[in-house]
Structure formats: C-alpha cells, structure tokens
Amino acid sequence: MSYPTLPNQQRYYEQVWDLARQVPHGMVVTYGQIAQLIAPPAGVEPQDYKAFGPRWVGDAMAACPDDVPWQRVINAQGKISERPGAQRQRHLLEQEGIVFVNEKI
0 MSYPTLPNQQ RYYEQVWDLA RQVPHGMVVT YGQIAQLIAP PAGVEPQDYK
50 AFGPRWVGDA MAACPDDVPW QRVINAQGKI SERPGAQRQR HLLEQEGIVF
100 VNEKI
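Just so you know, numbering that gives the first Met the number 0 puts 33 at position 34 of the sequence shown, and the rest follows in order with no gaps.
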C-alpha cells in the first residue's frame with residue numbers, strides 16, 4: 000500500500016493542531032489517539048485512514064506553528080520518535096514533569 004496524499008492538507012493540519020493545543024501540561028497523547036479524534040477526510044476510505052491517519056498527524060506536528068505544544072505528541076510505543084529534535088522534545092517533557100523509564104514514558 001502506497002502512502003496516499005492527504006486531501007485538504009491544511010484543514011486537516013489545523014484540526015490536528017487544535018487537538019494538540021488541548022493536551023494539558025504534563026500529559027502526552029499519541030499520534031494515533033489524535034487521528035482517532037478526527038473523522039476521515041472526505042475521499043479517504045476508513046481503512047486507509049486507520050492505516051495512515053497517525054502518519055498524517057506526524058506530518059502535521061512536523062509543520063506546526065510555534066504555539067502548538069508539539070512535544071506532547073508521542074508514538075504508539077509511548078516513546079519519542081527518533082528524529083531531529085528528539086532530545087529537545089525529551090527535555091521539554093521532563094521540564095513538564097514527565098518521567099522516562101528505559102526511553103519510555
């Protein structure tokens with residue numbers, strides 16, 4: 000299965016960012032949890048959305064404005080995804096009181 004293009008990307012990203020802004024200080028959510036809170040975009044089959052929604056959320060978080068607490072969104076394993084900025088994300092979460100055990104929250 001190829002990675003499909005997200006229709007109306009900007010609208011979807013704004014929905015993701017609005018949800019991420021609601022995550023309280025000291026708490027985290029996963030990419031998949033955010034995806035589950037958003038209905039599949041028009042033209043996207045539910046099974047495709049289930050498969051690709053978390054990746055689209057990750058894409059949105061990579062492009063988020065400065066006012067979005069991006070550090071509070073983690074992967075399904077309860078870890079920070081390996082990418083540029085991972086150490087900064089961990090530092091910000093630790094400042095919020097998040098505890099890591101064996102790299103897992």
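Think of the CB as a built atom: it goes at the ideal place given N, C-alpha and C, for glycine as much as any other residue.
Fair warning: this is a prediction, and the values are worked out from it, not measured in the lab.
Please identify the residue among the options whose C-alpha is closest to the C-alpha of residue i.
i     : options                    : result
Gln70 : Leu5, Ile33, Tyr2, Ala19   : Ala19
Ala61 : Pro6, Val15, Asn7          : Val15
Gln8  : Glu44, Val56, Gln35, Gly25 : Val56
Tell me whether the beta-carbon of residue i lies closer than 8 Å to the beta-carbon of residue j.
i      : j     : result
Tyr2   : Pro40 : no
Ala34  : Pro64 : no
Lys103 : Lys78 : yes
Residue i by DSSP, collapsed to three states: which one?
i     : result
Ile73 : strand
Val56 : helix
Since residue i is in the alpha helix (DSSP H), which residue starts that stretch and which ends it?
i     : result
Leu36 : That residue, Leu36, is in no alpha helix (DSSP H); it is neither H nor E in DSSP.
Ala19 : 8-20
Assess, as a yes-or-no matter, whether the region 18-34 is touched by the region 74-83 under the definition of 3 or more beta carbon pairs within less than 8 Å. yes
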